[in-house]
Structure formats: C-alpha cells, structure tokens
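Single-structure report; data block below.
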Amino acid sequence: MPEGPSVKRFQLLTAPFVGQVVAKVGGSSRQRNLKDLKAMRLQDSQASGKNLFLAFGASLEARTVGGSPSPIIQGKDDNGACSLSLAQEGQEEDVSQLSPKEHSVQRKQETERSVPDASDAAGDTWKWLRFHFGLFGSIRANEFSRANKANKRGDWKDPVPRLVLHFNSGGFLVFYNCQIHWCTSPAVEPASDILSPEFHRGQALAALRQPMPICYTLLDQRYFSGLELEDPVVGQDTELANSMGLFLQKTNIIRDYLEDQLEGREFWPREVWSRYAKKLSDLAKPEHIDMAVQCMNELITNALHHVPDVLTYLSRLKNQSVFNFCAIPQVMAIATLAACYNNKQVFRGVVKIRKGQAVTLMMDATNIQAVKAIMYQYVEEIYQKVPSTDPSSNKTQQIIVSIRTMSLPNGVEVSRNHYSPIYLSCAMLLAALSWQYLSAMSKASEEYVQASEN
Numbered sequence: 001m002p003e004g005p006s007v008k009r010f011q012l013l014t015a016p017f018v019g020q021v022v023a024k025v026g027g028s029s030r031q032r033n034l035k036d037l038k039a040m041r042l043q044d045s046q047a048s049g050k051n052l053f054l055a056f057g058a059s060l061e062a063r064t065v066g067g068s069p070s071p072i073i074q075g076k077d078d079n080g081a082c083s084l085s086l087a088q089e090g091q092e093e094d095v096s097q098l099s100p101k102e103h104s105v106q107r108k109q110e111t112e113r114s115v116p117d118a119s120d121a122a123g124d125t126w127k128w129l130r131f132h133f134g135l136f137g138s139i140r141a142n143e144f145s146r147a148n149k150a151n152k153r154g155d156w157k158d159p160v161p162r163l164v165l166h167f168n169s170g171g172f173l174v175f176y177n178c179q180i181h182w183c184t185s186p187a188v189e190p191a192s193d194i195l196s197p198e199f200h201r202g203q204a205l206a207a208l209r210q211p212m213p214i215c216y217t218l219l220d221q222r223y224f225s226g227l228e229l230e231d232p233v234v235g236q237d238t239e240l241a242n243s244m245g246l247f248l249q250k251t252n253i254i255r256d257y258l259e260d261q262l263e264g265r266e267f268w269p270r271e272v273w274s275r276y277a278k279k280l281s282d283l284a285k286p287e288h289i290d291m292a293v294q295c296m297n298e299l300i301t302n303a304l305h306h307v308p309d310v311l312t313y314l315s316r317l318k319n320q321s322v323f324n325f326c327a328i329p330q331v332m333a334i335a336t337l338a339a340c341y342n343n344k345q346v347f348r349g350v351v352k353i354r355k356g357q358a359v360t361l362m363m364d365a366t367n368i369q370a371v372k373a374i375m376y377q378y379v380e381e382i383y384q385k386v387p388s389t390d391p392s393s394n395k396t397q398q399i400i401v402s403i404r405t406m407s408l409p410n411g412v413e414v415s416r417n418h419y420s421p422i423y424l425s426c427a428m429l430l431a432a433l434s435w436q437y438l439s440a441m442s443k444a445s446e447e448y449v450q451a452s453e454n
C-alpha cells in the first residue's frame, strides 16, 4: 500500500532519537507492557504503508551490568501483533516543519543503516511497536500539543497523549490518537512505497487489488479494544469477530435472493445450490419451489452454526454502547432467519421483520441474558417449522439443540422482557381504539356546548 506522506514525516521526527535510551514512559495508556520500555534503547524507526514502526532493544548499560528490562509479553493477532490497541479522541494538530538538520540526520541514517534483521550486535531480540494513527493522530517532538479551539463543552482542554517517551538526552516524543501494537519486524515492501526510489507502479497496483472479505472488517473488534472500550482479549480473537460478520452477511444473502436475481447478482454458494438446480436462477421458478426451499433451509442451517460464536463474543463485552452496537444486528439477523426458514415467499417477494418487531428487538437486546432469550425464542420458532422431509432437517435440529444449551445452560428458561409481537399489536390496537373513543367524546361534548349556547 502506498505510504502516506504524514506517516513519513512522523518517521522523520522520530529518527533523531534513534540510539537514545528511554528514561521515562508516560501518557494515558494503562497497558503495563509499555512501561517496560523504560531503560530500553530506540534501535530503529521505519515507516511502511500507513504504519510507523519503532524497534527497541536492551541498552548498552543494561547489558554491561548484566541486567535486562522486564520481559515484554507478546500475543499475536492476525497481523502478528498483540492487541495493545490504544486510541482516543483528540483535536487536529499541525506537525511542525522539520528542520534541515533533521533531514540531514535522516538521510545519513538511511544510507548508513540497513534493514534490521530483528537483532542487534549483541544478539538481543528487538521489540517492535507498530503505530497506526487515527484521523487526528500525530507525533510531537520535544513539545506537547495545545488546544487551538474549544471542545464541545466549551473547555480549552489540551489533547491527552496516548504515549510519551522521555529519553536520557532530555528530549521526548509524544504520540496522539493512535493504536499501538507489539509486532514482529515490519515487512517492508519498497516496491509498493510511492516515496521509495524502488517504487514499482505495477506491483503497487497488484497489492491494492488484493481482495479483503467484508466480514473481516464489518465487526473488527480491534477498534473497540484499541479505543480501550473493551479488554484487549476482545481484539485478539479475530475468529469470533469474523464469525459475527459472516452471520450477518449470510443472513442478508439468503434474504435478498430474489432482489439479487432481478439485478443480475448471485451470491449463493454453488456447492450448495448446484445440488438442487442446474442454475441458481431456476430456484425462482414456480416448478422448482420445493427444491428452492430445501436449498434455502440448508443455507440457513449453515448460518445458524455462527450463533454459538455470537453468544460467546457478546458475553465478553462490557461496554454498554459497544454491546448494543454488536448485539442489535445479531438479534435482527436471527429474527430474519426465523422469518425466512421454510418460507416460499423468499422466492416470490420480500421477507422482512415488522417495524414494531424490530423496535422491540432494539429495546430488549441490552444485555447478554436478554440476547440469549431472544436467540432461544427464534431458534425455537425455526425448530417448530423444520419439516421431517427436509434433507438438512437433522443438521438443523442438532445446531438448534446446541444453541439451546448455550442459551439455557442450567435447563431453565432465561427470564426475558421480549414480548411477543401479537401482544404489541393488541396494545397498539387498544391504544388506537381508545384515542378514537376519546376523540369522539370530545367532539360530542363540543357540539353539546355549542347547542346549549345557542
């Protein structure tokens, strides 16, 4: 991916500090691992893509006396980094222009220092930090950012730095609004770096064309752990986050079959529908409706296998806003699957949950017990509709039993406030009749008063 000029400038700001020892670590980060940077030497600074990489190793003084910094615990995510993601709202800052001296230092370092092999001269392993900056992310050298305007509350509050590194020379680096991860050595690709002399347009375009499944980013929980809204473990388990995204994606694909067909799109997997029809479009024909429903039931059964992952993931969330953000789409999806299961209308028109039902789901899905109750209700609805002649009926019943066990671990139904839509309909009808009655009485009273006055 082409490198951003702003990240390159950040790298130039950090370059003069290479070789210096960290004397003190500050900032708003609550991660203990970052405190281990104290007494470590900044060994290298690199920029690749949209990320800044800093390498730290044991200082010469620590090796001389036989000491070493506290070990840094590293857990790897899908990018080889553990989630020490940190981000915070800040105000946009302008990074000061680099002096000619800083440019000369950087050029000298680029010519004298080769790409690191993850170890220094003494054989100590370098510890790499990866910085990914947010919209207003920045780095300041030997100065702090000051508020240039009042915030929404009218306060002139200076932005809070995520990390401050004080060096033994007296200088310091300040990092704002960024995600921070421990990682392995950066995979530098000069051919894809537009600021590199080795930049190759064809290779860069090939790198940009690499597909990224939408389910990988739809519910990427590293953003929440990076904002310190959730525990770092939430961001580390990317398989559960991807499973949540797949559950939503599969639900939309199943429900929108007819719409996609009319617009020339096909998303149903060939390995499934090819067992029921020669062409995917044949499923929309009336003479193939029975096979079409069986095909859809198999796809819904496949989607239900993500529900245990959904419940496991939601049970780890602590922040109410994050929980609502994640849980509401999931309960909407299970309600949609219940409406679609064994329903021929999917191949004739649009199948959607009612607006009142959607509002109820949004109001109720506020905690894990309520979500489990909702999941239980709708998988039970599916279970009651499973036809004995359906080819995938056994698999459907098996996964529903598993979901029941997770929803009701003690065999006792979870208490819930998720009222049946029929009760809501009755309540709305009663309210409408009451309003009509009161309006009629008010009109009759006005007519009586007018008649009395005349």
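By UniProt numbering, the letter at position 242 of the sequence shown is numbered 242, and the numbering carries on one by one without gaps.
Note that CB positions come from ideal geometry on N, CA and C, so glycine has one too.
(message) Helix, strand or coil for S402? Go by DSSP, reduced to three states.
(response) Look at S402 here: in three-state DSSP terms it is helix.
(request) Could you tell me whether the stretch 345 to 365 touches the stretch 267 to 281, where touching means 3 or more Cβ pairs closer than 8 Å? (result) no
(message) Give me the residue from I368, M375 and Q436 with the minimum Cα distance to N324.
(response) I368
(message) Let's see if you can read the secondary structure: which residues bound the beta strand (DSSP E) around K278?
(response) That residue, K278, is in no beta strand (DSSP E); it is neither H nor E in DSSP.
(message) Among the candidates D390, L173 and R162, whose CA atom is the shortest distance from the CA of S28?
(response) Nearest of D390, L173 and R162 to S28, Cα basis: R162.
(message) Measuring only the C-alpha atoms, how far is A15 from A47?
(response) 11 Å
(request) Provide the residue(s) that pair with Q46 in DSSP beta bridges, ordered along the chain. (result) F53
(message) For Q88, count the other beta carbons within 10 Å of its own beta carbon; 16 or more makes it buried, fewer makes it exposed. Which is it?
(response) Low confidence applies here, because Q88 scores a pLDDT of 36, under 50, leaving its location unreliable and the question unanswered by this model.
(message) I need the DSSP call for R9, collapsed to helix, strand or coil.
(response) helix
(request) Tell me whether L299 is buried or exposed, calling it buried when 16 or more other Cβ atoms sit within 10 Å of its Cβ. (result) Flag for L299 reads buried.
(request) Could you pull out every residue in the same chain whose Cβ sits closer than 7 Å to the Cβ of N342, ignoring the five residues on either side in sequence? (result) V293, N297, K385 and P387
(request) Under 8 Å by Cβ, that's how I've got H181 and G26 pegged, so tell me the actual separation to the nearest angstrom. (result) Not confirmed; about 19 Å, so no contact.
(request) Would you decide whether V7 is buried or exposed? Buried here means 16 or more other CB atoms lie within 10 Å of its CB. (result) That one is buried.
(message) Taking its Cβ as the centre, do 16 or more other Cβ atoms sit within 10 Å of T389, making it buried, or is it exposed?
(response) For T389, the number of other beta carbons within 10 angstroms of its own is below 16, and it is reported as exposed.
(message) Given a cut-off of 7 Å on the beta-carbon distance, is the pair Y378 and I334 in contact?
(response) Y378 is a Cβ neighbour of I334, given a cutoff of 7 Å.
(request) Write down the C-beta distance between C340 and V351 rounded to the nearest angstrom, noting that I regard them as a contact closer than 8 Å. (result) Rounded, the Cβ-Cβ distance is 5 Å, consistent with contact.
(request) Indicate whether D158 and R140 have their beta-carbon atoms separated by less than 7 Å. (result) Not closer than 7 Å, so no.
(request) Find out if the Cβ-Cβ distance for the pair R130, C183 is shorter than 7 Å. (result) Cβ distance < 7 Å, so R130 and C183 count as in contact.
(request) Leaving out five residues on either side along the sequence, give the residues of the same chain with a beta carbon under 6 Å from the beta carbon of I382. (result) A338 and Y341
(message) Can you check which of these residues, T312, F175 and Q320, is closest to H132 by C-alpha distance?
(response) Taking only the C-alpha atoms, the option nearest H132 is F175.
(request) Out of L52, E143, W128 and G134, point me to the one whose CA is closest to N33's CA. (result) That would be W128, whose Cα lies nearest to the Cα of N33.
(request) Would you kindly report the start and end of the unbroken beta strand (DSSP E) that includes S138? (result) K127 to A141
(request) Just the C-alpha distance for N252 and G245, rounded to the nearest angstrom, thanks. (result) 11 Å
(request) Within 10 angstroms of the Cβ of L433, are there 16 or more other Cβ atoms? Answer buried if so, exposed if not. (result) exposed
(request) List the endpoints of the continuous beta strand (DSSP E) containing V25. (result) V22 to G26 is the span of the beta strand (DSSP E), which, as asked, contains V25.
(message) My assumption, with CB atoms under 8 Å, is that L54 sits in contact with L42. Please give the rounded CB distance.
(response) 6 Å
(request) Could you tell me the distance, in whole angstroms, from the CA atom of D260 to the CA atom of F172? (result) Here the alpha carbons of F172 and D260 stand approximately 56 Å from one another.
(request) Would you list the residues sitting across from L173 in a DSSP beta bridge? (result) A141 and L165
(request) Would you check if the distance between the CB atom of T301 and the CB atom of T396 is smaller than 7 Å? (result) yes
(message) Do A284 and residue 457 count as a contact pair if the criterion is CB distance below 7 Å?
(response) No answer is possible for residue 457: the residues shown for the chain start at 1 and end at 454.
(request) Helix, strand or coil for R255, going by three-state DSSP, please let me know. (result) helix
(message) Just list the residues that DSSP pairs A58 with in beta bridges.
(response) M40
(request) Give the range of the alpha helix (DSSP H) segment to which S321 is assigned. (result) Q320 to C340
(request) Give the range of the alpha helix (DSSP H) segment to which D364 is assigned. (result) For D364, the uninterrupted alpha helix (DSSP H) run begins and ends at K355 to D364, by DSSP.
(request) Note down the Cα distance separating V322 from K279, rounded to an integer number of angstroms. (result) 42 Å
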